[in-house]
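Heads up: the structure comes next, in structure tokens.
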Amino acid sequence: MSGKEGTMTGTWLIRNATLPTGQRTDLLLRDGTIAQAGPELSAGGAQVLDADGLLALPGLVDLHTHLREPGREDAETIETGTRAAALGGFTAVHAMANTDPVADTAGVVEQVWRLGREAGYCDVQPVGAVTVKLGGTHLAELGAMADSVARVRVFSDDGKCVSDPLLMRRALEYVKAFGGVIAQHAEEPRLTQGAQLNEGEVSGRLGLAGWPAVAEEAIIARDCLLAAHVGSALHVCHVSTAGSVEILRWAKAKGWPVTAEVTPHHLLLTDDLAEGYDPVYKVNPPLRTAADVEGVRQGLADGTIDCVATDHAPHPVEAKEAEWAAAANGMTGLETALRVVHKAMVETGLLDWAGVADRMSTRPAAIGRLTGHGQPLAKGAPANVTLYDPAAATPVNPAAHASKSRNSPFAGMTLPGRVHATFLRGTATVLDGKVTR
Ligand SMILES: [Zn+2]
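To convert, count from 1 in the sequence shown and add 1; that's my numbering.
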């Protein structure tokens with residue numbers, strides 16, 4: 002890198018990057034857009050970044066992030082969470098509504114949106130709650146949140162399931178008017194009371210209450226039917242079982258308005274990790290079997306599952322370093338997501354880099370109704386760019402993460418790749434693997 006130090010904005014020339022298609026190109030970033038793309042562009046007065054050997058991906062988009070602010074700033078803040086996002090190559094994240102207070106009014110979603118803008122590391126798109134206080138009994142002010150400055154389009158009670166079928170129907174009907182989407186945490190609560198991990202051989206051996214696959218699959222099947230009946234968009238959060246993929250495949254074959262996501266941890270980790278009773282592996286939905294991992298990988302590869310979403314769920318040390326039954330559910334994921342997908346999907350030959358760009362940028366941007374993200378890196382597109390070094394490989398060290406929390410299930414695991422730089426509308430938020438401020 003050359004040019005004036007400390008001026009991360011201004012004009013950048015990314016020299017010799019490799020596009021997801023394999024093609025080599027220079028990219029000139031000016032005034033927030035890709036002003037030119039092609040070989041051997043003239044630098045003019047631009048700062049030059051030598052991207053020889055680096056992949057250039059459209060800035061990643063996360064549909065499912067828990068930023069914890071307002072209310073749980075001991076676990077994460079919008080500033081620390083978006084710094085983690087930028088380090089992971091993200092230029093936009095959807096902030097889940099299960100904060101304190103819950104993001105169930107225009108006031109709270111506007112606060113979250115504004116704090117994201119002030120932090121400036123990546124775009125923060127608030128997700129609105131479906132029901133008041135996530136209580137599951139009364140619809141929240143969906144229209145007011147949609148009309149607010151935050152322009153909410155994705156609504157979710159994530160962490161809890163909208164289990165009442167009539168309320169789910171009404172929510173789908175309501176958001177249809179403005180092209181919104183209901184993102185469902187699919188968990189039939191009557192089937193998961195007291196559940197600690199996947200119901201199966203491992204839960205039997207450990208003597209812990211199981212979370213059966215059918216509790217997820219039953220809700221997904223019901224909601225696909227409701228989405229088709231209403232003609233309104235359903236998005237299924239964190240699909241974790243092979244059976245869920247089969248149901249989604251069926252619904253999509255019918256042309257129903259259904260999309261779905263899978264987390265990096267469900268693409269790589271299995272329930273036998275619970276054998277050591279280390280709560281870093283406790284998550285909801287739980288880690289499943291090797292057959293489920295194979296099922297969700299195939300689903301992501303063939304497009305039945307549209308995208309990867311992190312479900313980044315930071316927790317303070319005391320919430321995770323407890324006895325298994327008392328420990329909180331959740332794992333951090335923003336800073337490792339692309340590397341886990343590299344390992345689970347690219348190294349296995351299930352996705353190429355064009356597929357990764359589609360599943361981690363283009364499709365999540367479309368599902369989240371974000372028009373400024375997810376576009377191919379071509380002249381005129383917004384200058385949201387992630388530069389990734391696929392040849393690197395280092396062990397994951399949560400102590401070095403920007404997230405306030407340390408609950409990464411990948412700690413100590415050697416993962417391929419490294420995010421080298423991230424640009425948000427032409428401004429470098431990350432350079433040489435470090436945040437720029
Ligand atoms: Zn969830």
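For every residue, glycine included, the Cβ atom is placed at its ideal position computed from N, Cα and C. These numbers were taken from a predicted model, which means no experiment stands behind them.
Tell me whether the beta-carbon of residue i lies closer than 7 angstroms to the beta-carbon of residue j.
{"i": "Lys177", "j": "Ser233", "result": "yes"}
{"i": "Asn408", "j": "Lys321", "result": "yes"}
{"i": "Leu371", "j": "Ala93", "result": "yes"}
{"i": "Gly211", "j": "Glu200", "result": "yes"}
{"i": "Thr271", "j": "Ala292", "result": "no"}
{"i": "Met146", "j": "Gly129", "result": "yes"}
{"i": "Pro127", "j": "Val163", "result": "no"}
{"i": "Thr81", "j": "Lys405", "result": "yes"}
{"i": "Pro315", "j": "Glu77", "result": "yes"}
{"i": "Leu235", "j": "Arg170", "result": "no"}
{"i": "Gly418", "j": "Ala400", "result": "no"}
{"i": "Pro265", "j": "Val341", "result": "yes"}
{"i": "Gly54", "j": "Thr100", "result": "no"}
{"i": "Thr12", "j": "Arg25", "result": "no"}
{"i": "Arg223", "j": "Cys308", "result": "no"}
{"i": "Glu295", "j": "Ile248", "result": "no"}
{"i": "Val237", "j": "Ile221", "result": "yes"}
{"i": "Leu42", "j": "Asp27", "result": "yes"}
{"i": "Gly244", "j": "Ala214", "result": "yes"}
Does any heavy atom of ligand 1 sit closer than 6 angstroms to the C-beta of residue i?
{"i": "Cys162", "result": "no"}
{"i": "Asp158", "result": "no"}
{"i": "Cys238", "result": "yes"}
{"i": "His186", "result": "yes"}
Tell me whether residue i sits in a helix, a strand or coil according to DSSP, three-state version.
{"i": "Ser3", "result": "Here Ser3 scores only 40 on pLDDT, less than 50, and its place in the model is too uncertain to base an answer on."}
{"i": "Leu58", "result": "strand"}
{"i": "His374", "result": "coil"}
{"i": "Asp75", "result": "coil"}
{"i": "His186", "result": "coil"}
{"i": "Ile306", "result": "coil"}
{"i": "Ser409", "result": "coil"}
{"i": "Val259", "result": "strand"}
{"i": "Leu416", "result": "strand"}
{"i": "Thr387", "result": "strand"}
{"i": "Arg438", "result": "coil"}
{"i": "Leu270", "result": "coil"}
{"i": "Met97", "result": "coil"}
{"i": "Asp63", "result": "strand"}
{"i": "Asp32", "result": "coil"}
{"i": "Gly23", "result": "coil"}
{"i": "Val431", "result": "strand"}
{"i": "Gln126", "result": "strand"}
{"i": "Asp53", "result": "coil"}
{"i": "Leu135", "result": "helix"}
{"i": "Arg289", "result": "strand"}
{"i": "Thr478", "result": "Residue 478 cannot be examined here, being either before or after the span of the chain that is shown, 2 to 438."}
Cutting at 6 angstroms between CB atoms, please list the residues of its own chain near residue i, excluding the five before and the five after it.
{"i": "Glu336", "result": "Ala85, Leu88, Gly89, His402"}
{"i": "Ala229", "result": "Trp257"}
{"i": "Thr423", "result": "Ala87, Gly90, Thr387, Thr430, Val431"}
{"i": "Thr363", "result": "Gly375"}
{"i": "Lys5", "result": "Summary for Lys5: the model assigns pLDDT 42, below 50, so the residue's position carries little reliability, and this model does not support an answer."}
{"i": "Ala216", "result": "Glu188, Glu189, Leu192, Thr193"}
{"i": "Val280", "result": "Here the sequence assigns Pro to residue 280, which means Val is not the residue at that position. Lys321, Trp325, Ala328, listed in sequence order."}
{"i": "Asn285", "result": "Asn330"}
To which residues of the same chain is residue i closer than 7 angstroms at the C-beta, ignoring the five residues directly before and after it?
{"i": "Gly33", "result": "Pro383, Ala384, Arg426, Gly427"}
{"i": "Gln37", "result": "Leu29, Lys380"}
{"i": "Thr132", "result": "Thr138, His139, Leu140, Ala141, Asp158, Val163, Leu168"}
{"i": "Val231", "result": "Arg170, Leu173, Glu174, Lys177"}
{"i": "Val420", "result": "Leu88, Gly89, Gly90, Leu339, Thr387, Tyr389, Val431, Gly434"}
{"i": "Ala107", "result": "Glu142, Ala145, Met146, Ser149"}
Here's a check: name, in chain order, each residue in its chain whose Cβ is nearer than 8 angstroms to the Cβ of residue i, leaving out the five neighbours to either side.
{"i": "Gly7", "result": "Reliability fails at Gly7, whose pLDDT of 45 lies under 50, so the model's placement of it is uncertain and no value is given."}
{"i": "Val357", "result": "Pro21, Leu58, Leu339, Val342, His343, Met346, Val347"}
{"i": "Leu135", "result": "Ala98, Asn99, Val103, Asp105, Asp158, Gly160, Lys161"}
{"i": "Phe179", "result": "Gly144, Ala147, Arg154"}
Under 7 angstroms, Cβ to Cβ, is there at least one residue of chain C near residue i?
{"i": "Gly205", "result": "Protein chains in the displayed structure number just one, and chain C is not present."}
Give the single residue among the options whose Cα lies nearest to the Cα of residue i.
{"i": "Ala302", "options": "Leu14, Val263, Pro190", "result": "Val263"}
{"i": "Pro365", "options": "Leu339, Ala261, Asp165", "result": "Ala261"}
{"i": "Val297", "options": "Leu339, Met332, Ala345, Gly331", "result": "Ala345"}
{"i": "Leu288", "options": "Leu198, Arg250, Ala323, Ala184", "result": "Leu198"}
{"i": "Glu70", "options": "His95, Ala184, Ala47, Gly60", "result": "His95"}
{"i": "Lys255", "options": "Tyr282, Thr305, Leu64", "result": "Thr305"}
{"i": "Thr311", "options": "Pro377, His239, Asp124, Met9", "result": "His239"}
{"i": "Met332", "options": "Ala275, Pro410, Val318", "result": "Pro410"}
{"i": "Met9", "options": "Gly121, Gly23, Gly277", "result": "Gly121"}
{"i": "Gly195", "options": "His67, Leu209, Thr19, Pro396", "result": "Leu209"}
{"i": "Gly445", "options": "Ile368, Ala47, Leu14, Gly46", "result": "Shown here, the chain extends from 2 to 438; a query on residue 445 therefore has no answer."}
Taking 6 angstroms as the cut-off, is the beta-carbon of residue i closer than that to any non-hydrogen atom of ligand 2?
{"i": "Ala403", "result": "Although ligand 2 was asked about, the structure shown includes only ligand 1 as ligands."}
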